[in-house]
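Single-structure report; data block below.
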Amino acid sequence: MLCGMRIEVCYRDGFPDGRAQRLASNLQRAGVAELQSITLCDVFLLAGYRDPGDTTLREIFCDSVTQEFWVQRSADQPRPAAGACNALVEVCAKPGVTDPLGITAADALRRAGVQTTEGSSAFVQSARQYRLVIGAEAPRLQRTAEAVAAAVHNPLIERATILAPLAEAPSDGLPLAYSHQIAASPAVVESFDLASMPPLQLLQLSRQRLLSLDEAEMQAIQAYYADPATAATRRSAGLTAECTDVELEMLAQTWSEHCKHKIFQARIEYREADNPRAAETIDGLFASYIKRTTETASVGRSDLKSVFHDNAGVVDFDADHFVCFKAETHNSPSALDPYGGAITGIVGVNRDILGTGKGARPIFNTNVLCFGELDTPPADIPEGLMHPRRVLDGVHHGIVDGGNQSGIPTVAGAVLFDNSYVGKPLVFCGTGGLLPAEIDGEESWIKHIRPGHCALMVGGRIGKDGIHGATFSSLALDEASPVSAVQIGDPITQRNMTDFLLEARDLGLYAGITDNGAGGLSSSLGEMAQYSGGVRIDLDRCPLKYPGLAPWEILVSESQERMSLAVEPAAVDQLIALAASRNVEATVVGSFTDSGAVELFYHGRPVGRLDLDFLHNGLPQMQLTACWQPPRPQAPAAPPPAAAADHRAALLALLAEPNIASKEILVRQYDHEVQAGSVIKPFCGVAADAPSDGAVVRPHPHSARALTVTHGICPRYGDADTYHMAMCAVDEAFRAHIALGGDPDRAYALDNFCWPDPVVSPDTPDGEYKLAQLVRACRGLHDACVAYNLPLISGKDSMKNDALLAGRKVSVRPTLLISLMGVIEDAATARSTDFVAAGHHIYLLGETRGELGGTVLEKLL
């Protein structure tokens, strides 16, 4: 056990801690009645450092005006009384879980010149200590402390120490350092004789390893290894004919629903129960509707630079710049750990922008969040799921930390509530970026990766967190969902990496870049290899957070804050030196080739070889059937009350409904002014407290042009027909763009589908209907976008938004989010959406009919 120091930091009397006040309110609302008061204390556990003295420690860890701190330097050091508390809970991260506060504290110690002890590994752990005053005697005191511990920590990623009632020494049992060792995996490579496995055994292998591959996909892999040509190539590469675990995991990641969008690529036999003539064969929803929409809308225009190809869609902005936009979902991770899921969603989509072309600068964030109803009785929440209020608190906290600490403004979004989101929340995270038109004399939106380039990994190190994230998000949430899929993002580390990469980009130090997203190096280098024609990856050269990762874990881990680069050999030393000067780690982990394969090595020994063509094109096409049966029309909603008093009551009820009520308390915590580009803010009106229809951002100080950012989402419309739901979502986003002053000919949309499982199975007997809903939504999206000449430039789909827990299945409503980015020629002409002055006329454009279905009023009535 390393000797160390414990530092505890609390607010002084008279300086209220907003975190403690908010937590006390939440606990009271959750029914923890006997808790009388709570005090928060930040704890830092230092190991492997020489003692720099109280003055230096106070400067690093404490605001001496509002806070006081105490340092414990030995286990037998007498402790002061911890206030008047009679119970204490301390929470810290489990081994292997990223601790951003600890990482930042360690960097502060390094910058302050604090020395480490010779021969030891120095590190800082952070913890949160909750000092409780409980108005009860044991054992009720113990039970109340346990209830608090359950509310303030997530056992998937954190551990809680409970001291109740306290002994005479108020913090007896709290260590100077928690164990940070993680169980090591054997560094061996397992092989599988797929040729001898019958179909049932192939499926068992897929389930055991959480590959999310079906029988046809496993048989395609089996046939690849049985091919004599494959066997001969493997022998010449020093491999046996058997499949290694490294190869199998890479195939599963690459072929996951998350990465390959198998349902959108499927061949679908579509029919309508009441219209036999409507039957048709659809050879891929993406090709038939999404891609075709953009092909139709792009005729005669040259402003679309890169669509459906890179990490984000790229379009013209002005003579010197392009802009790009991407939106992702982080639903499954947010269901397991709301904070971690949301923060990795934000920093992950930031990296999508950073990995577009040769690297764009993130200039704005968006978020659209869908939760269960906040007043849902706890008894109605299936066992194993968190209450929507706790999910909301965690997701919101993650977005605040992910955006604010990265220095990227959060400019637009929405919050929706519906009980179908109890199983999985929907967490849509979007980012826009600015890209120079040219970089080092080459088109900035094109990657230039050639054989002979070195493959580098930059940023955070690899750990066990995020393993099987891609395959996990391709499944319904259930009791077997892997803890390893949970990740915690570190926006400060990513900010350092972002600044370094943009500096290296402008110096021309790399030729290609992409994000280590779902699937880690497997995904990033596997995709980049398509440019050069091959890649060699030396897994033992990859920097690790801790020893003991198996080679396959190194390859597919999604640990955050990492990017992959293609670098000319002559520029490697300069790039690594620049990275070190910016406190960023950069490591050569392989090289790009023209071998036609991904070649995997561990300590010089081959552990895998996959033909690029099979890896990216060998996935068999799904064959699905869809049947549309229009739902029975419901009785029309009652008309609004006629009496004026009843109108007032109806209006107040509408204003109080969570989907309409103000979200100002949440939105005000986002920084929308950082980077100084905000033109139209999230709120408008005389008191700046009424929500805007969208945002206007000026991305470059020397250009008068601005961007609109708007959204459209209306899931309840889909109860009648998802075709109209999709059309209304497009219409909402486009109208908001126009209302803000946007150019109707310079608008670009993203589609994000979040759907319940639309594939027939014992758990999903209505899969044909859900797939038909998806088909009709794609049609509505196509028809609306073509009508507005609105190209789709990027998008995403999440197809398994179901939870199967405690014998209950909860599926989300079919949901389509349209995110829109548009151009305003002159920011001075941007318009806010409030009524500006008394006496101005109000006009209603268009035809109005009694269409109350899907509205909040209909829901209330």
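The letter at position 531 of the sequence shown is residue 531 when you use the working numbering, and the numbering goes up by one with no holes.
We put the CB at the ideal spot given by N, CA and C, even for glycine.
Keep in mind that this is a model prediction, so the values were computed, not measured.
Every beta strand (DSSP E) stretch that sits fully inside the segment 265 to 320 and reaches 3 residues is listed by chain position as 267 to 272, 275 to 283, 304 to 306, 313 to 318. Nearest to Gly359 by alpha-carbon distance, out of Arg292, His321, Val584, is His321. With contacts defined as CB atoms closer than 8 angstroms, Phe417 and Ala327 fail to qualify as a contacting pair. In the three-state reduction of the DSSP assignment, Pro814 falls in the coil class, being assigned neither a helical nor a strand state.
Each residue's CA atom was taken as its position, placing Leu652 and Ala688 some 21 angstroms apart. Assignment of Pro606 by DSSP, reduced to helix, strand and coil, places it in the strand class. In the DSSP assignment, Phe15 falls outside any beta strand (DSSP E), carrying neither H nor E. In the DSSP assignment, His711 forms a beta bridge with Ser819. With respect to Gln125, Gly96 sits apart: the two C-beta atoms are not nearer than 8 angstroms. Only buried fits Gly677, as 16 or more other CB atoms lie within 10 angstroms of its CB. DSSP places Lys663 outside any beta strand (DSSP E), giving it a letter other than H or E. When Gln494, Ile488, Ile462 are compared, the shortest CA-CA separation from Ser522 is found for Ile462.
Note on geometry: alpha-carbon atoms of Val43 and Val556 lie some 33 angstroms from one another.
In the structure shown, Val395 falls within a helical segment according to DSSP collapsed to helix, strand and coil.
Annotation for Val246: no beta strand (DSSP E) segment contains it, though the alpha helix (DSSP H) segment containing it runs 245 to 254. Bounds of the beta strand (DSSP E) holding Leu805 are 802 to 805. Within the segment 733 to 785, no run of alpha helix (DSSP H) reaches 4 residues while sitting entirely inside it. By the neighbour-count definition (other C-beta atoms within 10 Å, threshold 16), His153 is a buried residue.
Around the CB of Gly413, 16 or more other CB atoms lie within 10 Å, so the residue is classed as buried. One alpha carbon belongs to Gly850, the other to Glu858, and they sit about 11 angstroms apart. Boundaries of the beta strand (DSSP E) harbouring Thr39: 35 to 47, taken from the DSSP string. Counted as a single uninterrupted DSSP element, the beta strand (DSSP E) harbouring Gly432 occupies residues 426 to 436. Contact check for Gly741 and Ala830: beta-carbon distance about 5 angstroms, within the 8 angstroms limit, so the pair qualifies. Remark: C-beta atoms of Ala777 and Thr710 do not approach each other more closely than 8 angstroms. Distances from the alpha-carbon of Asp401 to those of Gly372, Asp490, Gly48 put Asp490 closest.
As DSSP reads the structure, Val415 sits in a beta bridge with Leu369. For Cys85, there is no enclosing beta strand (DSSP E), as DSSP marks it with neither H nor E.
For the 8 angstroms CB-CB criterion, Met563 and Leu501 form a contact. CA-CA distance, Asn801 to Val679, rounds to 36 angstroms. Annotation: the continuous alpha helix (DSSP H) that includes Thr493 extends over 491 to 506. Shortest Cα-Cα distance from Ala335 to any of Leu156, Leu750, Arg632, Pro228 involves Leu156. Counting the other Cβ atoms within 10 Å of the Cβ of Asp693 gives 16 or more, which makes it buried.
Only residues of its own chain outside the window of five on either side were considered, and among them Pro52, Thr56, Glu59, Ile60 have a CB closer than 8 angstroms to the CB of Ala112, listed in chain order.
Look at Val458 here: in three-state DSSP terms it is strand. Taking the Cβ atoms as the reference, Gly596 lies roughly 6 angstroms from Gly533, within the contact range of under 8 angstroms. Shortest Cα-Cα distance from Ala87 to any of Asn350, Lys447, Pro165 involves Pro165.
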